[in-house]
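Just add 51 to wherever you are in the sequence shown, counting from 1, and you've got our numbering.
Every residue, glycine too, gets a C-beta built ideally from N, C-alpha and C.
Note sheet for the following structure.
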Amino acid sequence: MAIRNIVKEGDEILTKVCRPVTVFDARLQTLIEDMKQTLAKSNGVGLAAPQVGVLKRLVLVLDDDDETVLVLINPEIVAAEGTQTPTEGCLSVPGIWGKTVRPAKVTVRALNEKGEEVTYTRTGITAVCFCHELDHLDGHLFRERVTEYVHYDD
Ligand code: ZN
Numbered sequence: 052m053a054i055r056n057i058v059k060e061g062d063e064i065l066t067k068v069c070r071p072v073t074v075f076d077a078r079l080q081t082l083i084e085d086m087k088q089t090l091a092k093s094n095g096v097g098l099a100a101p102q103v104g105v106l107k108r109l110v111l112v113l114d115d116d117d118e119t120v121l122v123l124i125n126p127e128i129v130a131a132e133g134t135q136t137p138t139e140g141c142l143s144v145p146g147i148w149g150k151t152v153r154p155a156k157v158t159v160r161a162l163n164e165k166g167e168e169v170t171y172t173r174t175g176i177t178a179v180c181f182c183h184e185l186d187h188l189d190g191h192l193f194r195e196r197v198t199e200y201v202h203y204d205d
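Have a look at this one:
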């Protein structure tokens, strides 16, 4: 297992559309473990495979309890309702924060690391994170959705 480098804004990798995961092999499990370590080390709430330079449809999202990491492979948003206006940041865009408009409640369907179908419905920051991380899989950064940048005093 290893901490992987996080790709930063400006790298072309972050603009690419990722490919679905089709093989659930040891290599994928290593990638997932490495991403878990990388997420924990960076104190983030979510991480998408392209952020570690891998163009696969795989994201991790820290669940509401702040301890469980949801592994979402080939994820799709199957329901969304309401709106919220969170302040978002991104491990690939360090030091930048901005307000966006996201659904208040999001249901995502995906495969877990064993290839089993899972469905999660979440609100709050976890719902935001589902949207943010899935955007990465299609080459989009949260900046494209920012309505207003937020500046924090150092
Ligand atoms: Zn991000």
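### Query
Below 8 Å between beta carbons: does that hold for Val-120 and Leu-113?
Against the sequence shown, residue 120 aligns to sequence position 69. Against the sequence shown, residue 113 aligns to sequence position 62. The Cβ-Cβ distance between Val-120 and Leu-113 falls below 8 Å.
### Cα-Cα separation between Leu-185 and Ala-99, rounded to whole angstroms
Indexing the sequence shown from 1 puts residue 185 at position 134. Indexing the sequence shown from 1 puts residue 99 at position 48. C-alpha separation (whole angstroms): 8 Å.
### Thr-89 classed as buried or exposed, judged by whether at least 16 other C-beta atoms fall within 10 angstroms
Here residue 89 is taken as the residue at index 38 of the sequence shown, counted from 1. The residue in question, Thr-89, is buried, as its Cβ has 16 or more Cβ neighbours within 10 Å.
### Query
Are Phe-193 and Val-157 close, meaning C-beta to C-beta below 8 Å?
For the purposes of this step, residue 193 is identified with residue 142 of the sequence shown, where counting begins at 1. For the purposes of this step, residue 157 is identified with residue 106 of the sequence shown, where counting begins at 1. Taking 8 Å as the Cβ cut-off, Phe-193 and Val-157 do not qualify as a contacting pair.
### Message
ligand 1 and Ser-143: does any heavy atom of the ligand fall closer than 7 Å to the residue's C-beta?
### Response
Sequence index remark: in the sequence shown, residue 143 carries index 92 (1-based). Because some heavy atom of ligand 1 lies under 7 Å away, the Cβ of Ser-143 counts as near it: yes.
### Query
From Thr-136 to Val-152, what does the alpha carbon distance come to, in whole angstroms?
Counting from 1 along the sequence shown, the entry for residue 136 is found at position 85. Counting from 1 along the sequence shown, the entry for residue 152 is found at position 101. Approximately 5 Å, taken between the alpha carbons.
### Query
Do Cys-69 and Lys-107 have their C-beta atoms within less than 8 Å of each other?
Within the sequence shown, residue 69 is the residue found at index 18, counting from 1. Within the sequence shown, residue 107 is the residue found at index 56, counting from 1. It is a contact, given that the beta carbons lie within the stated cut-off.
### Task
Please report the Cβ distance between Lys-87 and Ser-143, rounded to the nearest whole angstrom; I am assuming they are in contact, meaning their Cβ atoms lie under 8 Å.
Counting from one through the sequence shown, the residue named residue 87 turns up at place 36. Counting from one through the sequence shown, the residue named residue 143 turns up at place 92. About 17 Å separates the CB atoms of Lys-87 and Ser-143; that is not less than 8 Å, and the two are not in contact.
### Task
Under 7 Å Cβ to Cβ from Thr-174, same chain only, skipping five residues before and after it: list those, please.
What you label residue 174 is simply residue 123 of the sequence shown in a count that begins at 1. So the list reads Ala-155, Lys-156, once near-sequence residues are dropped.
### Message
Given this structure, state the Cα-to-Cα distance separating Pro-71 from Ile-124, to the nearest angstrom.
### Response
In the sequence shown, the residue the question calls residue 71 occupies position 20. In the sequence shown, the residue the question calls residue 124 occupies position 73. Whole-angstrom Cα-Cα distance: 8 Å.
### Task
Classify Glu-139 as buried or exposed, calling it buried when 16 or more other Cβ atoms lie within 10 Å of its own Cβ.
Within the sequence shown, the letter at position 88 stands for residue 139. By the neighbour-count rule (16 or more Cβ atoms within 10 Å), Glu-139 is buried.
### Query
Any heavy atom of ligand 1 closer than 7 Å to the CB of His-202?
Position 151 of the sequence shown, counting from 1, holds the residue named residue 202. Because no heavy atom of ligand 1 lies under 7 Å away, the Cβ of His-202 does not count as near it: no.
#### Entry: Residue(s) in a DSSP beta bridge with Tyr-200
Position 149 of the sequence shown, counted from the first residue, corresponds to residue 200. In the DSSP output, where bridge partners are listed per residue, Tyr-200 has Gly-149.
### Message
By the DSSP assignment, the beta strand (DSSP E) with Gly-175 in it spans what residues?
### Response
Along the sequence shown, read from residue 1 onward, the residue named residue 175 stands at position 124. Run containing Gly-175: none in the beta strand (DSSP E); it sits in the alpha helix (DSSP H), 175-188.
### Cβ-heavy atom distance, His-183 to ligand 1, below 7 Å
In the sequence shown, the residue the question calls residue 183 occupies position 132. Yes, since a heavy atom of ligand 1 falls inside the 7 Å radius drawn around the Cβ of His-183.
### Segment limits, beta strand (DSSP E) that includes Ile-83
Within the sequence shown, numbered from 1, the residue matching residue 83 stands at position 32. For Ile-83, no beta strand (DSSP E) encloses it; the enclosing alpha helix (DSSP H) starts and ends at 77-93.
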